[in-house]
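Using the numbering used here, the first residue of the sequence shown is number 963, and each one after it goes up by one. Contents: one structure, followed by commentary.
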Amino acid sequence: MVEQRLLHIDGQDVAASDGATFLVRNPATGEALYEVAHGTAEDVDRAVAAARAAFDDGRWRHIAPRERARTLNRAAALLAERIEEFARMETLQIGRPLREMRAQLKRLPEWLEYFGAVAQTTEGSSPDFGAGHLNVVRRVPLGVAGLITPWNHPLLITMKKLSVAVAAGNSVVIKPSELGPIVPMELVLLLEEAGLPAGVVNIVPGLGRTTGKALSEHPGLAKLDITGGTETGKVIAANAGRSLIPVTAELGGKAPVLIFDDADTDQAVAGALFAAFVATGQTCVQGARILVQRDSYERVVTALVERTRQLKLGDPLDSQTQVGPLVSEAQRDKAADAVERARKQGATVLTGGAVPTGAGLSQGWFYEPTVVAGVTPEMDLWYEEVFGPVIVVAPFDDEADAVAQANDSPFGLAASIWTQNVGRAVRVSRGLDIGIVWVNDHHRIDPSSPWGGFKESGIGSENGLDAFHAYTRPQSLIINSSDAEFDWFATVEDLRYS
Ligand code: NDP
963 MVEQRLLHID GQDVAASDGA TFLVRNPATG EALYEVAHGT AEDVDRAVAA ARAAFDDGRW
1023 RHIAPRERAR TLNRAAALLA ERIEEFARME TLQIGRPLRE MRAQLKRLPE WLEYFGAVAQ
1083 TTEGSSPDFG AGHLNVVRRV PLGVAGLITP WNHPLLITMK KLSVAVAAGN SVVIKPSELG
1143 PIVPMELVLL LEEAGLPAGV VNIVPGLGRT TGKALSEHPG LAKLDITGGT ETGKVIAANA
1203 GRSLIPVTAE LGGKAPVLIF DDADTDQAVA GALFAAFVAT GQTCVQGARI LVQRDSYERV
1263 VTALVERTRQ LKLGDPLDSQ TQVGPLVSEA QRDKAADAVE RARKQGATVL TGGAVPTGAG
1323 LSQGWFYEPT VVAGVTPEMD LWYEEVFGPV IVVAPFDDEA DAVAQANDSP FGLAASIWTQ
1383 NVGRAVRVSR GLDIGIVWVN DHHRIDPSSP WGGFKESGIG SENGLDAFHA YTRPQSLIIN
1443 SSDAEFDWFA TVEDLRYS
């Protein structure tokens, strides 16, 4: 039985203006799960108008930040009660193992709590304007933000953007990924249940090339916040640029994992395996290039390949499954094509490199976890983001070589350094042209910690105070505190007017 889902605009569930819909399928079986209204440009326009009306009449932004924080805390509590239900819904739509979705979603109430706390503790400033004036600078919300989100962490990424946007007093229109829109839609209903006024958050699912395009071209936005591929980010940022709309963009990556000779090998291998294959490799910070210092290369790669072979593929709802299917046939074909090209260009597949044939794997978009050696910068696989369970292993000589290889990428999103030498970790991190660097860890995230890439990995960051600032702007209030009279044209004295 295929469930129907509608757009949510101004607190109402509504059909698309032309009645169009699209199907959301289970990638483990191909079965249709939901039939979802497909928002048109007219629907996007209605959603932006509703968000603007909610912003202009102050139904949310003029509520004291401490009250806004109370609403967000109520939403956090409601969300905490629904983690299991939402985790299952995410797993059914995107195929990530239930264990992963539970672990990820359990943390999401923290974003509502954190940004609620930031909203109520953020203070303005009072610059020295001279004796005759008092200058008060307040941070005020921007207006209507457009949020465009991907499928790989449907709720996490929606939450990262939404929590800060509404905590700061903005209104939003969300365009979730067509592959995983349902839980972000549930989040909007949950926020309204917690007391968020109708119209503040609107959600218009649909395809990127239609609904997403309409949102990114809408001149009524005050900000556009996108997570997606680098090419999508460039198109969207160009659209926004035509209306001088500021953009935050979290884009692609090809994260290096640097394993030094002095690392704890077991921990480094476990870390590399996690970095490489969690989410079936479909994360922006996937450890896609495992760079190992030459003396320990054979030992580390042998252990990594052995553990990769043991990973259990299967039904993502089964708690024993470690690696699920890819999200779609297209994504699976992209992974297979990247491996075939690497083979033709002279690389060696150490394990994986095929569509698995085991029981229960024939229906979904599965691909074997794959480790490829002998990849050089002349080959596509060194640079391209596969966004699947395919990684490269390569040796390096010393710190300088590790840094040079790590930086040899159009991306600069994330890296991890595995070493027992603290000084080395600091030295190497200083050389990396990369936004997020973990030491003896990978893929750790916190609402308070900036998350953003350098180079082609994006513009700006999510999380933390920087993100809050990027959802507000300073308004300068200059109060005349002098009782001296001022009449420029009634006198010839040299008064100061500026
Ligand atoms: P896409 O770039 O395909 O899509 C991202 C979003 O943009 C989706 O909602 C998509 O809609 C929409 N979109 C696509 N084309 C357009 C367009 N022309 N105009 C407006 N909107 C458009 O990315 P994926 O969803 O495949 O996500 C994977 C990518 O996201 C990877 O490159 C990954 O590295 C990156 N990512 C980055 C993160 C970071 O923090 N830096 C975190 C997670 C992912 P639709 O899905 O309906 O096509």
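Virtual Cβ for every residue (Gly too), placed ideally from N, Cα, C.
Exposed unless 16 or more other CB atoms sit within 10 angstroms - verdict on residue i
{"i": "residue 1158", "result": "buried"}
{"i": "residue 1441", "result": "exposed"}
{"i": "residue 1024", "result": "exposed"}
{"i": "residue 1403", "result": "exposed"}
{"i": "residue 965", "result": "exposed"}
{"i": "residue 1187", "result": "buried"}
{"i": "residue 1452", "result": "exposed"}
{"i": "residue 1454", "result": "exposed"}
{"i": "residue 1008", "result": "buried"}
{"i": "residue 998", "result": "buried"}
{"i": "residue 1384", "result": "exposed"}
{"i": "residue 1306", "result": "exposed"}
{"i": "residue 1319", "result": "exposed"}
{"i": "residue 1248", "result": "buried"}
Nearest residue (CA-CA) to residue i, options the options
{"i": "residue 1001", "options": "1026, 969 and 1020", "result": "969"}
{"i": "residue 1182", "options": "1139, 1248 and 1104", "result": "1104"}
{"i": "residue 972", "options": "1163, 1430 and 1412", "result": "1163"}
{"i": "residue 1049", "options": "1116, 1215, 1153 and 1414", "result": "1116"}
{"i": "residue 963", "options": "974, 985 and 976", "result": "985"}
{"i": "residue 1055", "options": "1141, 1423, 1134 and 1201", "result": "1141"}
{"i": "residue 1238", "options": "1275, 1228 and 1250", "result": "1250"}
{"i": "residue 1356", "options": "1335, 1365, 1349 and 1375", "result": "1335"}
{"i": "residue 1029", "options": "1302, 1012 and 1083", "result": "1083"}
{"i": "residue 1086", "options": "1074, 1100, 1015 and 1079", "result": "1100"}
{"i": "residue 1112", "options": "1269, 978 and 1244", "result": "1244"}
{"i": "residue 1121", "options": "1371, 1436 and 1066", "result": "1066"}
{"i": "residue 1381", "options": "1219, 1185 and 1007", "result": "1219"}
{"i": "residue 1389", "options": "1361, 1395, 1271 and 1408", "result": "1361"}
{"i": "residue 1377", "options": "1385, 1253, 1270 and 1300", "result": "1253"}
{"i": "residue 1046", "options": "1291, 1060, 1340 and 994", "result": "1060"}
{"i": "residue 1280", "options": "1062, 1031 and 1439", "result": "1062"}
{"i": "residue 1202", "options": "1058, 1282, 1107 and 1132", "result": "1107"}
{"i": "residue 1175", "options": "1422, 1294, 1131 and 1198", "result": "1198"}
{"i": "residue 1133", "options": "1021, 1313 and 1213", "result": "1021"}
{"i": "residue 1088", "options": "1081, 1027 and 1437", "result": "1437"}
{"i": "residue 1077", "options": "1027, 1097 and 1387", "result": "1027"}
{"i": "residue 1208", "options": "1420, 1295 and 1409", "result": "1420"}
{"i": "residue 1092", "options": "1443, 1075 and 1011", "result": "1443"}
{"i": "residue 1424", "options": "1418, 1435, 1397 and 1450", "result": "1397"}
Per DSSP, cross-strand counterpart(s) of residue i
{"i": "residue 1378", "result": "1219 and 1400"}
{"i": "residue 996", "result": "965 and 986"}
{"i": "residue 1084", "result": "Residue 1084 pairs with nothing; no bridge assigned."}
{"i": "residue 1107", "result": "1134 and 1185"}
{"i": "residue 1284", "result": "Bridge partners of residue 1284: none, in fact."}
{"i": "residue 1440", "result": "1097"}
{"i": "residue 1395", "result": "None; residue 1395 has no bridge partner."}
{"i": "residue 970", "result": "975 and 1165"}
Inset, instruction - Only counting runs of 3 or more residues, tell me where the beta strand (DSSP E) segments fall wholly within the stretch 1304–1380, in order along the chain. - result: 1310–1313, 1332–1335, 1352–1358 and 1376–1380
Legend entry - Entirely enclosed beta strand (DSSP E) segments - the stretch 1159–1193, minimum 3 residues: 1163–1165 and 1185–1189
Inset, instruction - Within the stretch 1216–1282, note down every full alpha helix (DSSP H) run reaching 4 residues or more, in order along the chain. - result: 1227–1239 and 1256–1272
Inset, instruction - Mind listing, in chain order, the continuous alpha helix (DSSP H) runs of no fewer than 4 residues lying wholly within the stretch 991–1053? - result: 1003–1018 and 1027–1043
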